[in-house]
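What follows is one structure encoded as structure tokens, with my remarks underneath.
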Amino acid sequence: MAFLYALWKEALLAHTFWLLTALVMALIASRLDMSSEPRLRPLGFFLSMHVLALLGAAALVVTGSSFVDEIRIPAAVFGGVAFVGAAAVLLFHVILPRLRLRAPRIVEDVMVAIFSVVTAVSIMSRAGINLSGLIATSAVITAILGFSLQDVIGNVAGGLALQLDSSIEVGDRIKVNDVSGRVAEIRWRCTVIETGNGETVLVPNNVLMRSQVTVFGRRQGKPAHLRRVIHFNVDFRYQPSDVIDVVRDAVKDAKVPNVAEDPAPSCVLVDLGESYGRYALRYWLTDLDMDALTDSDVRTRIFFALERAGMHLAIPAASVLVTEEASRAAQKTAKRLSRRKHLIEMVPLFQALSDAERTELAEQLKYAPFTRGEIIAHQGDAEHHCVHLIEDGTALVRVTENGRELPVKKLGPGSFFGEMSLLTGSPRLATVVAETDVECFRLEKGPFQRVIEKRPELARELAGVLAQRAEELRAARQGIDTVNEAGPSVVKAERDIFNRIRNFFELGAP
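For the sequence shown, position 404 matches number 404 in full-length UniProt numbering, and the numbering has no gaps at all.
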């Protein structure tokens, strides 16, 4: 009992209960902020040393030893340092975050070190310890260490400067010398940079202070966007203005992930070669970690847009072109025509056409491939009068109802869409988006008009097919939103479509 009473008195004398209260609060804070957990390890050490010193002091009190004062001093020092650490956890990980303030880690370390030294010196000074000799000796040791540890001190000072002026922050994408990556941590000695290749590079802070550092995507008062430039060469036979319009509109309208809408993508002619024009598509990247993947998506959009427009990437002037034999070239042309004619024959809309008429249309099909995510047709578009025939790949049909975009059906190889636009000039009834890379052909109004002008009676047969298709689409939409009123009968719709076909192609009275 005498030992426990002595321990109680020593704990009261050393303010141990206040220390335990602060440590419990720091422990609770560590559960709220996981980043404070590493700070608890040194606190545990100083608390353990404080408790051991208290036990020793209590034992000396019981035995009546005269050395008890020598034990109380380290107990007070360890307790004071532990209290400073606990108070720092509460300040930097509870109070400041509640005020929406976040101090750099290195600042926290410096503050804890300074107040720990001040606390220890103050306790020892109050205990009557003469520190003048210790201070003089420390000054000499500090001078020697400062001379021998210049690089270490430079790294520490550099890390402190980087944190205080916020020139580089954790999460920034930077480039220093030949190292490029994201800042993961700023330590006392070095800055940790994680590269896109899964590497972790430790750059000494004094190297950062002496080197030119590029911080990607950071502009005063601007969002964290980075401008990317994609170069490509196009044959000189195509007018630059046409190339620029095709590429710019394709990237802008496609809404490529991680490509900013404002500022919008732009395309410029940057150089003229021997047989080509060199272009640059410029866009702003919103997610700096997705640079390579987004560049690939943009290049894919450029390639497919040029293919649809019938424009070709340039072949170097020094390339050797081998001329095919006439017979082989003819075979290739015949095979290509057969492939397109097969697509025409698969469309119920063209079943009423003769073989010669289907061949004529097949010759006029335009190759129009689309990559995944591109919009093939926009709902409400009344300018592009054409039908699309899908040879390979899948596309999704979506209808916008009351501000909501609803899926209607999926189109696969052999499917077609846009027939109402081709034959009546009506706006698109749905939006079609490429779900995969789509091999597609486009038939425009001009070639079909030449066919129907030769046989105006085709209008009635085509009207029947269109009426049935319109009824199917109406039923699909009604299945999604039952509040829509029932559509007109197929017969009435056929008559209405027939009149619209005649008016659109100016066929005159039947």
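Glycine included, C-beta positions come from ideal geometry on N, C-alpha and C. It should be emphasised that the depicted structure is a prediction, and the values quoted were computed from it without experimental measurement.
For the 8 Å CB-CB criterion, Val408 and Val397 form a contact. Annotated as distal: Gly56 and Ala120, with beta-carbon spacing of 8 Å or more. Beta-bridge analysis with DSSP links Glu401 to Arg404.
In the structure shown, Phe67 falls within a coil segment according to DSSP collapsed to helix, strand and coil.
Listed in chain order, the non-local C-beta contacts of Leu458 below 8 Å within the same chain comprise Ala352, Leu353, Val451, Ile452, local neighbours out to five positions each way being set aside.
Sequence-distant Cβ neighbours of Gly181 in its own chain, meaning closer than 6 Å and more than five residues away, are Ile193, Glu194, Thr195.
Judged by their CB atoms, Ile123 and Ala76 are nearer to each other than the 8 Å cut-off. Inclusion of Ala22 and Leu54 in the CB contact set at 8 Å is not warranted, their separation being larger than that value. Under the three-state reduction of DSSP, Thr436 is assigned to coil, being neither helix nor strand. Residue nearest to Leu7 within the set Arg41, Ile71, Gly44 is Ile71 (criterion: CA-CA distance). By the CB criterion at 8 Å, Ile376 and Ser415 fall outside the cutoff. The segment 225 to 295 contains, as complete beta strand (DSSP E) runs of 3+ residues, the segments 226 to 235, 266 to 272, 276 to 285 (chain order). Residues of the same chain with a CB within less than 7 Å of the CB of Val112, apart from the 5 flanking positions on each side, are Val84, Gly85, Ala88 in chain order. For the pair Pro263 and Asp297, the CB atoms are not nearer than the 8 Å cut-off.
An exposed status is given to Arg219, since fewer than 16 other beta-carbon atoms sit within 10 Å of its beta-carbon. Between Thr431 and Gln379 the beta-carbon gap is near 4 Å, inside 8 Å, which marks them as a contact.
At a cut-off of 3 residues, the continuous stretches assigned as beta strand (DSSP E) that sit fully inside the UniProt domain "Cyclic nucleotide-binding" (349 to 469) are 375 to 377, 386 to 392, 395 to 401, 404 to 411, 431 to 434, 439 to 444.
Taking the C-beta atoms as reference points, Leu269 is found no nearer than 8 Å to Val247. Here the alpha carbon of Lys252 sits roughly 14 Å from the alpha carbon of Thr294. Judged by DSSP secondary structure, Phe92 falls outside any beta strand (DSSP E); it is assigned neither H nor E.
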